[in-house]
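Chemist: Residue numbering for the sequence shown is 6 to 607, as defined by our numbering. One structure follows; several queries about it will come next.
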Amino acid sequence: EEELPDDLDESCSQEEDEDSDLDASSVAGVSSSGSAALVSRNCIECLAQPTEAQEKVLKPALVCSLFPNVPPTIYFSTRDEKVEKLPWEQRKLLRWKMCTVTPNIVKQTVVRSHFRVSKKSNDWLGCWGHHMKSPSFRAIREHQKLNHFPGSFQIGRKDRLWRNLLKMQARCGKKEFNFFPQSFILPQDIKLLRKAWEEGASRQKWIVKPPASARGIGIQVIHKWSQLPKRRPLLVQRYLHKPYLIGGKKFDLRIYVYVTCYDPLRVYLFKDGLVRFASCKYSSSMKSLSNKFMHLTNYSVNKKNTEYKSNSDETACQGHKWALKALWSYLTQKGVNSEVIWEKIKDIVIKTIIASEPYVNSLVKMYVRRPYCCHELFGFDIMLDENLKPWILEVNISPSLHSNSPLDVSIKGQMIRDLLNLAGFVLPSMDSVASRPETKRGSTCSLSSALKEKPEPLSEHVIAEKMKKAYYLTQKIPDQDFYSSVLDILTPDDVRILVETEDEYSRRGQFERVFPTHISMRYLRFFEQPRYFNILVTQWELKYYLNKQKGLELLKNWCVKGYHTGAGMDLAQMWSLPKSFFLQKSSIQSDSFSKLELGRLG
């Protein structure tokens, strides 16, 4: 990894001295209202222009929401920008939790926004760290964000990925899920593998992978049953023996996929990525199968080859690593429609993320305090065959962010900056930071006592919201006309989700949102169980994608009234929908609608 410049390194390793960094307003003592005014002022777009070419562009510390009465988010800058400092009262809340796997490129980006990085602090806002066991997510407080979801290993481990894709293929058909090679997980599938092997041609090739390794470790290509390793567990896949070649070499694509939320599902693809070449020309000869420089495209493998050539120019088609945009330019010059390939890759990404969705959502509800606390960057490895059809090879839940060349710095640096802006870090209230997190024992006690206590009666608007959700989730054969009525009357929960979705989209930078879009309704049938908010956001996109401004104005009007918080709503109007519309059509009687049923359906 590249090293931090000296001045950044010092600011990263030391806690900021409060007294030495007070400005005039904080010395004078800022009231709560004055503090809010200062935060608001920092949202205003900075008009100051640099006087010299080398002077950095000054940017505000906070990005205003598109909507009134919605808090701003923290701004993360590029290398040629300088971020204004917040007043000390707010700036002292900017803490980033460091751990051994936090990449330097993340560290540099957060330091530019005046975060103090610390390995010991518990009062952090963000952390880029290891994946954890699901129960450990309970420790994340409401104002904190970790770069993983519980259960994301369901696509991050090779064996779980193939098992889940096979399950989707069995449920939804081979036509929709035909983008991964035939796969077997040993020892469970040993008989099925033997049958497929015997039915195959004499010169077939198989690739053998440990289920939880990375960087090409333990991978080999075989063509004899006797070469199958005795160690278990293993993933054995039919080898893609006719890859698309450039300069006689095979290559794969590293696609960066970012998921901000699983309910509703929001998935983004970074528009650039990496193309990683094998460092030896490809041969289909059986004698060459042991040559890892020919058959594996991992950078960690090929960099050891003396023939390996690096590439420092993100626009150049040279060396053994290219920018994804350079590949699209190369293919376009060859008369290939790269946009068609990109659309197929998007389809693969959406379906693969949906394969993990039931597991992740279940664990998030069980162990995570609020959806804000989790987000995740995935590294999808895709290979193109001789017909330019993309195939998924694997998914990484901790893709390498090491930046050891100008090409890496350019792509990964921009990607991480855009990702952190998209994540939407919000300054917490002093109360939420000061409150001590519950211990496991405390939370268990409070849970058991809560079960003994009589639950508080649900408010009218909460019941109305639950009934609306139940109605849209219990229809036998829903159609577009039925689904479009979800926007007829919006509940506070609806408005909150739509505001979040639109605000997030406005901060996307060079990320492209692939779900939800105006064509996402076709993907709803792949979900193991329908999700109300997925129906809501896809219908919103379908209705307003050609006139975004109209949809934004509608949401702004509701936010002015505080509707997204439940304030200022017309209960009479809300109840008119569940009583006359929902209950009549779904024949659910309101007196028989117990809290248990509401919880089950909603």
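All residues carry an ideal CB built from backbone N, CA and C; glycine is no exception.
Can you tell me where the beta strand (DSSP E) with Y263 in it begins and where it stops?
Modeler: Here the beta strand (DSSP E) through Y263 covers F256 to Y267.
Chemist: Looking only at its own chain, which residues have a Cβ that is under 7 Å from the Cβ of L492, when we skip the five neighbours before and after it?
Modeler: Once the five neighbours on either side are set aside, the close Cβ partners of L492 are Q544, W545 and K548.
Chemist: Leaving out the 5 sequence neighbours to the left and right, which residues in its chain are closer than 8 Å to T83 when beta-carbon positions are compared?
Modeler: Excluding residues within five positions, the ones whose Cβ falls inside 8 Å are G418, Q419 and R422.
Chemist: If you draw a straight line from the alpha carbon of K339 to that of I251, how long is it in whole angstroms?
Modeler: One C-alpha to the other measures close to 11 Å.
Chemist: Could you pull out every residue in the same chain whose Cβ sits closer than 7 Å to the Cβ of H126, ignoring the five residues on either side in sequence?
Modeler: Per the sequence shown, residue 126 should be read as Ser rather than His. Same-chain partners within the cutoff: R100 and K102.
Chemist: Can you grab the Cα-Cα spacing for the pair G384 / S464, in whole Å?
Modeler: Taking the straight line joining both Cα atoms gives about 43 Å.
Chemist: Please report the straight-line C-alpha distance between V542 and P269, rounded to a whole angstrom.
Modeler: Straight-line Cα distance between these residues: approximately 7 Å.
Chemist: Here's the rule I'm using: 16 or more other beta-carbon atoms within 10 Å means buried, otherwise exposed. How should P192 be labelled?
Modeler: Answer is exposed; the Cβ neighbour count stays below 16.
Chemist: Cα separation between Q187 and E203?
Modeler: Distance between the alpha carbons of Q187 and E203: 14 Å.
Chemist: What residues match up with N401 in a beta bridge as DSSP calls it?
Modeler: Looking at the DSSP assignment, N401 forms a beta bridge with G384.
Chemist: Between the Cα of L424 and the Cα atoms of N74, A66, I79 and L71, which residue gives the shortest distance?
Modeler: Checking every option, the nearest Cα to that of L424 belongs to I79.
Chemist: Rank K561, V341, F520 and V467 by C-alpha distance to the C-alpha of V264 and give the top, closest one.
Modeler: Taking only the C-alpha atoms, the option nearest V264 is F520.
Chemist: Any idea what DSSP makes of F487, helix, strand or coil?
Modeler: Helix at F487.
Chemist: What are the boundary residues of the alpha helix (DSSP H) that includes W167?
Modeler: Its alpha helix (DSSP H) spans residues K163 to C177.
Chemist: Taking N316 and L412 to be in contact with their CB atoms under 8 Å, please state how far apart those CB atoms are, rounded to whole angstroms.
Modeler: Contact flag correct, Cβ pair sits at about 6 Å.
Chemist: From K292 to M299, what does the alpha carbon distance come to, in whole angstroms?
Modeler: Their backbone Cα atoms lie some 12 Å apart in a straight line.
Chemist: What are the boundary residues of the beta strand (DSSP E) that includes Q338?
Modeler: Segment L329 to Q338 is the alpha helix (DSSP H) holding Q338; no beta strand (DSSP E) there.
Chemist: Under 7 Å Cβ to Cβ from V88, same chain only, skipping five residues before and after it: list those, please.
Modeler: Result list for V88: K64, A66, Y80, S82, R117, S118 and H119, in chain order.
Chemist: What whole-angstrom Cβ distance do V500 and L560 have, given they're in contact under 8 Å?
Modeler: With a Cβ gap of about 7 Å, V500 and L560 count as contacting.
Chemist: Figure out for me which residue from F538, L398 and F516 has the closest Cα to the Cα of R165.
Modeler: The residue with the shortest Cα to Cα distance from R165 is L398.
Chemist: In chain order, what residues of the same chain lie with their CB nearer than 6 Å to the CB of Q225, ignoring the 5 residues before and after it?
Modeler: Only V213 meet the Cβ criterion.
Chemist: Using DSSP's beta-bridge definition, name the partner residues of F189.
Modeler: Answer is V241, bridged to F189.
Chemist: So, with DSSP's three-state summary, where would you put I222?
Modeler: Coil at I222, not helix or strand.
Chemist: If you draw a straight line from the alpha carbon of R46 to that of V68, how long is it in whole angstroms?
Modeler: Bear in mind that the predicted position of R46 carries a pLDDT of just 41, short of 50, making it too unreliable to give a figure here.
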